[in-house]
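What follows is a short report on a single structure.
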């Protein structure tokens, strides 16, 4: 961009590069199943949160329907894999139908309601998301209802699949890691998420990226200068929906299970909001940092507290306060402190440091 | 005489019972600089808002080169060549000065939807934006966010945004309001330069009488939303009706 990069900018970008490196080598660096779950979830959520940042951070659109689009993609893949069997054709059909449904719904919501005030738009998206949730639980012959759907993914992602075998027909290990289907699945997630993230980076660096920011900054003037605000808003709403939908498909491929709790629930919507606020809006880098921190906290804060409570055994109150069951309480406190000390999110606040006044 | 580039026919807007602009019919021609005067609350800015589309017209029509634009959103009017600068500074505060201007250039370049091109690679847009930066003497603050500029420079940027749209109709709403005396000439020189290019239609709301005298080819007077005088500057300034409005003779007359 035309702004001169600050020292803070470089720190943020370096942090993101380190995260990308850790994710790239995650299966080799953290050799247990749970870590790989965490790494894959981080990849998917980076894309999901970044696509949400296109709306809230770049354009100033507040939507609560992001998990709905995430769900369309996930259920698209889940249903087609269940009905058509575990082939790549099913994956493609699932991904495309998710994208198609997301696009149609996004255009409908966008054209009908992006003219109205932000608060009404937020309400409409909330309503749409609720409808999607009800549909997913009611149409149980397709969606599996509350139980969700379990299915098989293409053979290459089976844990039993051997990518390379040695002379004894045993799976080859590289640095102690089995080159099996699980590894292939992780790199499928990593590569597709990286691609989607790069597409978004390119989008915000394109002429349209500046227009979106202009709409966020001063909608009326953007219109007066000659930009049809409704058209641009609808466009970015569709793009965000499509990317969320693809992220849903990727996540469905990884989990081999899709249900309301993994894709559609408002808990996930709140997670997305927390990630974007913690990371910092309007940079995409913030999405990376926010997603990493929150997913790590969700998976490891309990363990950490358990260890701490153990270590402080014998000291009054402290072990009691650090009881692992109270992890949500501590997550809340951490969140409040983060918002207090990093009002523009971690990426936003650090990037501002060292900026010229 | 050339054809009018901008026409308003019986242009009216009502806010509830209040008629802010009352059946104003007027024609504006290329190469002509029209100053719109009138006391505070006369409806000058509202009249502008009706022409550039910020407010919906209650009655009447707006025509640009014979095409009716009355129902168009502001963005479509901008593409029809209506350019507008605002009285209250109305910028993109967190974007840099250069980005502000480049947005105006880009809007009329047809390149806004190139979603897979890096904006930095569209060098002709940047070059054009830089020309307007130089013209408005903002080159040295190009990389500051607009909000960091002093008031006078923000006013200049406001004018630069309009210039960069390269419209046929230039609408300035008190371009020098709140500007220090050493800044105002920069803006007025720019407007004078536009006048030399005889293809542009220029509308200017202005209170400062020395500015009006220096630039006006024609003056129209709005009072209580109605057009009460229209003509050459000397003629209008010396007319009795204008003196009454400006010197507050209305009480005496009543």
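Residue numbers (my numbering), protein chains in the order written: chain A, 250 to 606; chain B, 7 to 260. Beta carbons: idealized from backbone N, C-alpha and C, even for Gly. Remember, predicted model here, so these are calculated numbers, not experimental data.
- From the beta-carbon of residue 459/A, the residues of chain B found nearer than 8 Å are 101, 105, 108, 109, 112, 125.
- Secondary structure at residue 107/B: helix, using DSSP grouped into helix, strand and coil.
- Between the region 395–415 of chain A and the region 323–343 of chain A, the count of C-beta pairs closer than 8 Å reaches three or more; the two stretches touch.
- Contact note: residue 8/B does not reach chain A at a C-beta cutoff of 9 Å; the least C-beta distance is about 25 Å.
- Residue 129/B counts as exposed, since fewer than 16 other beta carbons sit within 10 angstroms of its beta carbon.
- By the rule that beta-carbons nearer than 9 Å mark a contact, residue 85/B touches chain A.
- Contact holds between the region 165–182 of chain B and the region 82–102 of chain B, because three or more Cβ pairs, one in each stretch, are under 8 Å apart.
- Here residue 40/B carries a strand assignment [DSSP, helix/strand/coil].
- Secondary structure remark: continuous beta strand (DSSP E) runs of at least 3 residues inside the region 73–156 of chain B, in chain order: 88–90.
- For residue 456/A, at least one C-beta of chain B is nearer than 9 Å to its own C-beta.
- Within the region 474–500 of chain A, the residues whose Cβ lies closer than 9 Å to any Cβ of chain B are, in chain order, 474, 475, 476, 477, 478, 479, 480, 481, 484, 488.
- Between residue 106/B and residue 97/B, the alpha-carbon positions lie close to 7 Å from each other.
- The DSSP-derived three-state label of residue 511/A is helix.
- Taking the Cα of residue 476/A as reference, the smallest distance to any Cα among 456/A, 531/A, 437/A is reached at 456/A.
- Interface flag for residue 407/A against chain B is unset, since no Cβ pair is found closer than 9 Å.
- Cβ-Cβ distances below 6 Å link residue 49/B to 26, 27, 228, 231 in the same chain, with the five nearest sequence neighbours on each side left out; the list follows chain order.
- Around the CB of residue 444/A, fewer than 16 other CB atoms lie within 10 Å, so the residue is classed as exposed.
- Note that the C-beta distance between residue 167/B and residue 110/B is below 9 Å.
- Taking a cut-off of 8 Å on C-beta distances, the region 295–307 of chain A touches the region 479–494 of chain A, as three or more cross pairs fall below it.
- Contact check between the region 537–548 of chain A and the region 520–529 of chain A: three or more CB pairs, one atom from each, fall below 8 Å, which counts as touching.
- When 7 Å is used as the limit between beta carbons, residue 121/B is near these residues of chain A: 452, 455, 457, in chain order.
- Residues of the same chain with a CB within less than 7 Å of the CB of residue 153/B, apart from the 5 flanking positions on each side, are 99, 100 in chain order.
- In the DSSP assignment, no residue is bridged to residue 360/A.
- If you draw a straight line from the Cα of residue 155/B to the Cα of residue 103/B, it comes to about 9 Å.
- Residue 63/B is not a Cβ neighbour of residue 210/B, given a cutoff of 9 Å.
- Around the Cβ of residue 77/B, a 10 Å sphere holds fewer than 16 other Cβ atoms; the residue is exposed.
- Listed along chain A, the residues sitting closer than 9 Å to residue 96/B by beta-carbon distance are 467, 469, 470, 473.
- Taking 9 Å as the cut-off, the beta carbon of residue 600/A is found closer than this to the beta carbon of residue 257/A.
- Taking a 10 Å sphere around the C-beta of residue 346/A, we find 16 or more other C-beta atoms and assign the residue as buried.
- About 6 Å separates the beta carbon of residue 499/A from that of residue 293/A, a gap short enough to meet the 8 Å contact definition.
- Among the residues of the region 63–89 of chain B, those with a Cβ less than 8 Å away from any Cβ of chain A are 79, 80, 81, 82, 84, 85, in the order of the chain.
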